[in-house]
Amino acid sequence: MKRLFLLSLSVLAFSCTEKPRFELLDPAKTGITFNNVVVESDSVHVLNFEYIYNGAGVGVVDLNNDGLQDLIFTANQVSPRIYLNEGKFRFTDITSSFRDIDNGQWYSGITYTDINGDGWKDIYLTCTAHKEAERRKNRFYINQGIQENGELLFIDQAEEYGLADDSYSVQASFLDYDNDGDLDLYLLNNFVTERLSASYRPKILDGSAINNDDLYRNNGDGTFSNVTLEAGIVFEGFGLGIAVGDVNKDGYPDLYISNDYISNDLLYINQQDGTFKNEIARLMSYQTKSSMGSDMADINNDGFPDMYTLDMMPEYYHKKKATINGFGYIYYINDAKYGYEHQYLRNMM
């Protein structure tokens, strides 16, 4: 018995010393000290801005073409931080390379692309929260490359490109929706109005809602035009996620939009003529109630993109049951009355 005990103790000790797959690195060693501190006040709190703790965007992109992935942390009440990868998990703060990025805006998302084809990644930042439209204008930082002093330089040219949108933006996605060879921009918007986001009401289907998304067409001359209405992007929603993929394999990109609250998710099918049609009611039997985000990938290798949508799924079963909202018969009646598709509180694939 004693020998068995010692053997068991040895096995336990050996298993406890197994090297973990991931290691938490010390910020003092990596140089990454960013902290998106959010401070509530009598005018800024969760009751008048429900997404106060949603955080901001994170970008992983090679800014200086050295083959190493750099990091961009946008922020809400503090300054964003940009870190250049020096290798071996060491980073240098180069935030000053982004002119006027610390201007008090509430950043919400980041997207990157090489919009002018010069081989350098450009950075598009979405903004939200502030009541003043000027403070909600999105930023488009064009990479000027490495300067004579050996440092990178990024200059905001959103106004010149026609992309200084002042909607309550959450995220953006570059895609070539019209297959003309250049990148267009889909802008996801979200504005919770008068705390009525969960109340049944007629849908706004004419593109006039403040939380309607936007579509910008690339004119091919360094400018963009807002083509939201003519493209059929007219369904309102409390957007929190964009997924782009060719759902029907016709060679044109389609869009899945994850919407929070009562607004249904949207599945915009590209009509190949510069317009989209929302066909989620026809193509999907179920939707998430509070969509937090989504993605597309070919999970089963059949050649077709599958979709995964996240709801507010708790980690533990008992918490799910303790916090779930009731959905009685009246919900089904109101769905039919106001033209909403049925939604359910769960992740879906």
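Everything in the sequence shown is counted per the numbering used here, starting at 203 for the first residue and increasing by one. For glycine and all other residues, C-beta sits at the position ideal for the given N, C-alpha and C. On a predicted model such as this, the values are computed, not experimentally measured, just so you know.
query	result
Under three-state DSSP, which class holds S492?	coil
Closer than 7 Å by C-beta to F506: which residues in its own chain qualify, once you throw out the five before and the five after it? Chain order, please.	K451, D500
Please determine, among V260, D386, A524, the residue with the shortest C-alpha to C-alpha distance to L365.	D386
Considering only residues of the same chain and omitting the five flanking positions on each side of G306, which have a CB-CB separation below 8 Å?	R337
What is the DSSP secondary structure of I312, counted as helix, strand or coil?	strand
In angstroms, rounded to a whole number, what distance separates the CA positions of R301 and P282?	12 Å
Look at D513 and S487 and say whether their C-beta atoms are less than 8 Å apart.	no
Find the nearest neighbour of E225 within the set F291, Y343, G319, judged by alpha-carbon distance.	F291
From what residue to what residue does the alpha helix (DSSP H) around N536 run?	531 to 540
Beta carbon of G261, beta carbon of I317: below 8 Å?	no
Closest by CA to L489, which one among Y546, V372, F236, H520?	Before going further, note that residue 489 is Gln rather than Leu in the sequence given. Nearest C-alpha to Q489: Y546.
Between the alpha carbons of W308 and E220, how many angstroms are there, rounded?	43 Å
Counting C-beta neighbours from all protein chains within 10 Å, is the total for Y534 16 or more, i.e. buried, or is it exposed?	exposed
On the CB-based measure, 16 or more other CB atoms within 10 Å of its CB, does R403 come out buried or exposed?	exposed
Would you call the CB atoms of L327 and T276 closer than 8 Å?	yes
Using DSSP with H/G/I as helix, E/B as strand and the rest coil, what is A499?	strand
Between the alpha carbons of D367 and E432, how many angstroms are there, rounded?	18 Å
By Cβ distance, which residues of its chain are closer than 7 Å to L355, with the 5 residues on each side in sequence left out?	S299, Q346, Q349
Could you name the residues of the same chain whose beta carbon sits closer than 7 Å to that of A335, not counting the 5 residues immediately before and after it, in chain order?	D368
Looking only at its chain, what residues have a beta carbon closer than 8 Å to the beta carbon of N502, apart from the 5 residues adjacent to it on each side?	D508
Let me know if Y467 comes out buried or exposed under the rule of 16 or more other beta-carbons within 10 Å of its beta-carbon.	In the sequence as displayed, the identity of residue 467 is Asp instead of Tyr. Buried, since its Cβ has 16 or more Cβ neighbours within 10 Å.
Does the distance from the C-beta atom of I459 to that of D415 stay below 8 Å?	yes
Could you check if I312 is buried or exposed, using at least 16 other CB atoms within 10 Å of its CB as the buried criterion?	buried
Quick check: is the beta carbon of S410 nearer than 8 Å to any beta carbon in chain C?	This model lacks chain C altogether; it includes just one protein chain.
When we look at the beta-carbon of R341 and count the other beta-carbons within 10 Å, is it buried (16 or more) or exposed?	buried
Which residues in the same chain as D264 place their Cβ atom closer than 7 Å to its Cβ, once the five residues preceding and following it in sequence are excluded?	L270, Q271, D272, K323
Only counting the same chain, and skipping five residues up and downstream in sequence, which positions put a Cβ closer than 6 Å to that of D497?	A445, Y510
Any idea what DSSP makes of T276, helix, strand or coil?	coil
What is the rounded straight-line gap between the Cα of G321 and the Cα of Y314?	12 Å
Exposed or buried, what is L449 when buried is set at 16 or more other beta-carbons lying within 10 Å of its beta-carbon?	Correcting the residue identity first, residue 449 is Val in this sequence and not Leu. Classification for V449: buried.
Taking the runs of the beta strand (DSSP E) that are 3 residues or longer, which of them lie wholly in the segment 315 to 357?	324 to 330, 341 to 348
If I measure Cβ to Cβ from I357 and keep anything under 8 Å in the same chain, skipping five residues before and after, which residues do I get?	R301, Y343, I344, Q346
What residue from I274, F426, Q279, A230 has the CA that sits closest to D255's CA?	The sequence given here has Tyr at residue 255, not Asp. Y255 has its Cα closest to that of Q279, out of I274, F426, Q279, A230.
So, with DSSP's three-state summary, where would you put Y470?	strand
Under the DSSP definition of a beta bridge, which residues are partnered with Y418?	L387, N428
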